[in-house]
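Heads up, the thing below is written out as structure tokens.
Residue numbers (the working numbering): 30 to 263.
In structure tokens form, the structure reads like this:
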């Protein structure tokens, strides 16, 4: 069942508001300490945390509104951690390993989101097999990874930052891709197992629902073949 923003549990609203407030305060702190980039990053981050809300309010007929609030909460938490913790560590310390963690988690979340997105997009065509959904999830996660590297390159070029570790730029970028790929594989497996009733507390119910969807798909295919044969005989 699709949640409407008006009847969204208060716990979600409070958590989202807290995360967004902290991100804005982080950006203001960066601006006051001479970092315009951190302030701009905070603004863009807050906008991205509102994507679910925007589609709920303005995208009444859009398939995106079917993304669950649980997924949106995971995205908000990740954005908060990546921006307020990841960027702070990257920009203000010499610690280099936070980048590996954030890219791994980004791959996991992106693949998880991508699996559900594939099924939502193709829902009108019936049941989408787990193999196709999993392939889409991996590709979607890699697309996000490439987009992020483009962002880092742009920020380095415009503002003179060192997000891609210029002295070892290619190595850093390829490491990010590999780590994201590893995370996306784990995310794909996790969501695939959950959605196909292999793991989870509702696995028996999910398996039964998937079995019925498959029976309906097979019945449609059979009726279509019979229709084609009838047309041929005419």
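Ideal placement from N, C-alpha and C gives every residue a C-beta, glycine not left out. None of these values were measured; they are calculated from a predicted model.
Neighbour-count burial assignment, residue i, 16 or more Cβ in a 10 Å radius
i: residue 268; result: Residue 268 lies beyond the range of the chain shown here (30 to 263); nothing can be said about it.
i: residue 119; result: buried
i: residue 38; result: exposed
i: residue 203; result: exposed
i: residue 47; result: exposed
i: residue 78; result: buried
i: residue 233; result: exposed
i: residue 236; result: exposed
i: residue 49; result: buried
i: residue 75; result: buried
i: residue 231; result: exposed
i: residue 122; result: exposed
i: residue 40; result: exposed
i: residue 66; result: buried
i: residue 268; result: With the chain represented from 30 up to 263, any question about residue 268 goes unanswered, as that position is not in the structure.
i: residue 132; result: buried
Straight-line Cα distance separating residue j from residue i
i: residue 244; j: residue 224; result: 17 angstroms
i: residue 104; j: residue 127; result: 18 angstroms
i: residue 30; j: residue 189; result: In this prediction, residue 30 scores a pLDDT of 40, lower than 50, which makes its location untrustworthy; the coordinate-derived value is nonetheless stated afterwards. Each residue's alpha carbon lies about 47 angstroms from the other.
i: residue 99; j: residue 259; result: 48 angstroms
i: residue 83; j: residue 255; result: 45 angstroms
i: residue 184; j: residue 246; result: 48 angstroms
i: residue 152; j: residue 96; result: 13 angstroms
i: residue 44; j: residue 253; result: 49 angstroms
i: residue 106; j: residue 248; result: 43 angstroms
i: residue 55; j: residue 214; result: 32 angstroms
i: residue 140; j: residue 182; result: 23 angstroms
i: residue 187; j: residue 201; result: 19 angstroms
i: residue 211; j: residue 110; result: 19 angstroms
i: residue 218; j: residue 175; result: 21 angstroms
i: residue 251; j: residue 102; result: 42 angstroms
i: residue 330; j: residue 165; result: Outside the displayed range of the chain (30 to 263) lies residue 330, so it cannot be described from this structure.
i: residue 80; j: residue 42; result: 14 angstroms
i: residue 238; j: residue 60; result: 52 angstroms
i: residue 150; j: residue 242; result: 16 angstroms
Run of the alpha helix (DSSP H) containing residue i, from where it starts to where it stops
i: residue 128; result: 127-150
i: residue 185; result: 159-188
i: residue 103; result: 98-109
i: residue 118; result: 117-121
Integer Cβ distance of residue i from residue j, believed to fall under 8 angstroms
i: residue 221; j: residue 163; result: 5 angstroms
i: residue 170; j: residue 209; result: 6 angstroms
i: residue 173; j: residue 135; result: 7 angstroms
i: residue 137; j: residue 216; result: 4 angstroms
i: residue 112; j: residue 52; result: 6 angstroms
Within-8 angstroms CB hit, residue i to chain D
i: residue 129; result: The displayed structure is made up of one protein chain only, and chain D is not part of it.
Kindly provide the ranges of any alpha helix (DSSP H) runs that are 4 or more residues long and lie completely inside the segment 42-79, ordered along the chain.
65-78
Could you pull out every unbroken alpha helix (DSSP H) segment of at least 4 residues lying fully inside the segment 220-263, listed in chain order?
232-262
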